[in-house]
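See structure below.
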Amino acid sequence: MLKIRAVIAEDDFRVADIHEKFLKNFDEIEVVGKAVNAKKTLRILEQKSPDLLLLDVYMPDQLGTDLLPDIRKKFPNVDIIMITAATDKDQLEKALHYGVENYLIKPVEMKRFNQVIEEYLKKVHLMKSKQEIDQDFVDLILNKGSAISETNDGPALPKGVDEITLAKVIEVLKASDIGLSAEQVSGQIGASRTTARRYLEYLISVKKCKAEVVYGVVGRPERRYYKVQ
């Protein structure tokens with residue numbers, strides 16, 4: 001299973017504990033450290049080499065946004081989500097300039113927090129799923145264009161179908177010209193065959209996928225799934 005190592009940089013320990021509790025809803029994320037000021041943030045980043053940093057702006061010794069140049073220089077691979085009470089546009093512009101993943105304004109409700117983390121995890125999963133990319137993949141990563149609508153348009157997803165796994169199934173189907181069985185899809189997304197079939201049948205129901213019965217060498221029928229272009 002994918003494991004994301006996270007650090008929380010927040011001077012209010014009560015808020016830090018709340019955000020840590022929120023993160024515990026995600027099996028893929030492990031909080032490996034918490035910092036109450038900028039100096040300790042840099043020290044923990046060096047010691048723990050995390051994948052994700054939740055960074056406050058207003059810390060006692062330095063603004064979080066003023067810390068971004070140092071972070072980007074010393075730890076270029078860490079992803080950053082700003083969580084702050086700062087509402088002035090300058091802080092947002094500076095954060096975006098240094099490539100933060102998202103920007104949340106306090107107080108943050110759990111529903112909104114979870115949505116941002118789910119979007120982040122979806123991006124991480126998708127980036128790890130492909131070596132070669134096309135424009136649809138870029139649009140999906142950047143949440144632009146028609147590709148993202150393949151999972152977000154239309155009615156809410158049914159129970160048992162989540163957006164992250166659905167996007168992975170779509171990418172797997174798009175990469176195959178000869179169709180895939182439910183077992184092959186399950187192997188590529190790291191889920192059971194029953195789970196893969198549930199997602200494939202859902203895609204058929206929304207006309208994003210089609211299925212055909214083919215016969216193998218010994219004549220045994222097999223249901224294969226194809227991405228609808």
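Start counting the sequence shown at 1; every next residue gets the next number (full-length UniProt numbering).
Note that the Cβ used here is the ideal one computed from N, Cα and C, for glycine as well.
Quantities reported herein were computed from a predicted structural model and do not represent experimental measurements.
Decide if G64 is buried, meaning its Cβ has at least 16 other Cβ atoms within 10 Å, or exposed.
buried
Indicate the three-state DSSP secondary structure (helix, strand or coil) for A86 in the structure shown.
Coil, per DSSP.
If you follow the beta strand (DSSP E) that K130 is part of, which residue opens it and which one closes it?
No beta strand (DSSP E) contains K130, which DSSP labels as neither H nor E.
When we look at the beta-carbon of S149 and count the other beta-carbons within 10 Å, is it buried (16 or more) or exposed?
Per-residue confidence for S149 stands at a pLDDT of 43, beneath the threshold of 50, marking its modelled position as unreliable; the derived number appears in the next sentence. Exposed, because fewer than 16 other Cβ atoms sit within 10 Å of the Cβ of S149.
Applying the criterion that 16 or more other CB atoms from any shown protein chain within 10 Å of the CB defines a buried residue, is T87 buried or exposed?
exposed
Return yes when the Cβ of L52 is within less than 8 angstroms of the Cβ of A16, no when it is not.
no
Taking 8 angstroms as the threshold (C-beta atoms), are R220 and A211 in contact?
no
What is the C-beta distance between L54 and H19, in whole angstroms, given that I count them as a contact (C-beta under 8 angstroms)?
About 6 angstroms; that satisfies the 8 angstroms criterion.
Would the beta-carbon of V169 fall within 8 angstroms of that of Y199?
Against a cut-off of 8 angstroms, the Cβ pair of Y199 and V169 comes out as a contact.
Please report the distance separating the alpha-carbon of A9 from that of N102.
So the alpha carbons of these two residues sit roughly 15 angstroms apart.
Counting along the chain, where does the alpha helix (DSSP H) carrying P221 start and finish?
No alpha helix (DSSP H) holds P221; the beta strand (DSSP E) holding it covers 221 to 227.
Are there 16 or more other CB atoms within 10 angstroms of the CB of K122, so buried, or fewer, so exposed?
buried
In the DSSP assignment, find the unbroken beta strand (DSSP E) run with K3 in it and report its ends.
Neither: K3 is in no beta strand (DSSP E) and is coded neither H nor E.
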